[in-house]
Amino acid sequence: MAEAISKVGVIGAGQMGNGIAHVSALAGFDVVLHDIAEERVRKGLATIDGNLSRQVHSGRITEEDRKAALARVTAAPSVDALGSCDLVIEAATEDEQVKRKIFAGVCPVLRPDAMLATNTSSISITRLASASDRPERFIGIHFMNPVPVMQLVELIRGIATGDETFEAAKAYVARLGKTVAVAEDFPGFMVNRILLPMINEAIYVLYEGVGSVDAIDTAMKLGANHPMGPLQLADFIGLDTCLSIMQVLYEGLADSKYRPCPLLVKYVEAGWLGRKTNRGFYDYR
Ligand code: CAA
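Number 135 in my numbering belongs to position 122 of the sequence shown; there are no gaps in the numbering.
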C-alpha cells in the first residue's frame, strides 16, 4: 500500500504546509503544493528553497538532492491539480470552518481511491472526516514545526478510518524517515495536550508577574533543558494557533485547567501573533 502513494498533495503553503511539501519531495514523492493565492504558493516555494539550501550548507543533503527535490514540487494555485494525487494533506489554518470549506471544495476533485489527511493540531479527526466524502480514507497526520527538523509525526485515526489507510499513512511517514506516535482521537492528541498547557501556564506566570519574558524563557531553557523557552516557542508556533488549541482543549475536555490565559487572548485580539506578525512576546521588528 505504501508504494501506492507516489504523489502527495499539500493544501496550504504556510509554515506547516511548505515543511510537509519539503520533506515529501526530499523523500522522493512528487508533490503538488496548493494554496488559494498564487503569491502564497510562490512564497511557500521560496521558503522550501531557502530551507533546502540550509540543509545543503550544513552538509545534511547535497546540491543534487536540493535540485531534485525542488523539481518534484509543482505549484498549484488551482485545486484541480490535486486530482492526480494519491494522498492529499490539508495544512491550512487551525480553524474548523476553514478546514470544512476546504474539504467541500477539494473532495469532488479527488480520485475516489485517494486518501485525505489533515495536519490539524487539535481538532477531532472523526468530526473533520465527516465533513469529507471519504471517512474510511481520512486520517490525521500531525507534523511538528519546523517540519524538516522535527523527528515526530502523530498519527490519529478517526472512528471510521480503515486499516489500509492507517497502514499507508504509517508507511508514508516511515519513508520520510520520521517516527510515528499513534494517538487516540482526543482533543490536542498527545503532543499538544501536554505542550500547550505548559505554554499557557508560562503565559499565566507572565500575567501574574511571577517572572519577566526573559526570566521565564531562561528558567525553562536552563532549568529544564528545553531548546526554546515556552514564550519563544509560543511566538514560533503562532499565538493564534496556541489560542485555538487551548480553546479546543478547554471546550473538548470541559476542565477549567485548560482555560486560555487572558493575556494570550489579548495578544491575539491585538494581532500580536508572534513571529509571523513580527510581534508577540518578543519584538521581531
Ligand atoms: N528547515 C530546515 N532546517 C532547519 C529549519 C528549517 N525550517 N529550522 C532549523 N533548521 C536546522 C538548522 O539549519 C540547523 O541545522 P544543523 O544542525 O544541520 O546546522 C538546526 O536545524 C538547528 O537550527 P539553528 O542552529 O538555526 O537553531 P537552534 O539550534 O536554535 O534550533 C530549533 C532551532 C530546531 C527550532 C530548536 O530551537 C527547537 O527544537 N525548538 C523547539 C521546537 C519545538 O518544540 N517544536 C514543536 C512545536 S509544537 C508543534 O509543532 C505542534 C503543534 O501542532 C503546535
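Even glycine gets a Cβ: it sits at the ideal position worked out from N, Cα and C.
Model, not experiment: these values are computed from the prediction.
Asked, Found
"Span of the alpha helix (DSSP H) holding E52?", "E51 to H70"
"Check the C-beta distance from Q245 over to Y295 and give it rounded, since I have them as a contact under 8 Å.", "7 Å"
"Bridge partners for F116 per DSSP, in chain order?", "Answer is none; F116 lacks a bridge partner."
"Can you grab the Cα-Cα spacing for the pair S270 / G293, in whole Å?", "Note that residue 270 corresponds to Lys in the displayed sequence, not to Ser. Whole-angstrom Cα-Cα distance: 23 Å."
"Check whether the Cβ atoms of I154 and A127 sit closer than 8 Å, and answer yes or no.", "no"
"Please report how far the alpha carbon of I24 lies from the alpha carbon of P275, in whole angstroms.", "32 Å"
"Just verifying my parser: in three-state terms, what is the DSSP assignment at L100?", "strand"
"Relative to the ligand CAA, is the shortest distance from any of its heavy atoms to the C-beta of N64 smaller than 7 Å?", "yes"
"Would Y220 be called buried (16 or more neighbouring beta carbons within 10 Å of its own) or exposed?", "exposed"
"So which of G222, E264 and P243 has the shortest CA-CA distance to D230?", "P243"
"If you draw a straight line from the alpha carbon of D198 to that of Q28, how long is it in whole angstroms?", "24 Å"
"What does the Cβ neighbour count give for A130, buried or exposed, with the cut at 16 atoms within 10 Å?", "buried"
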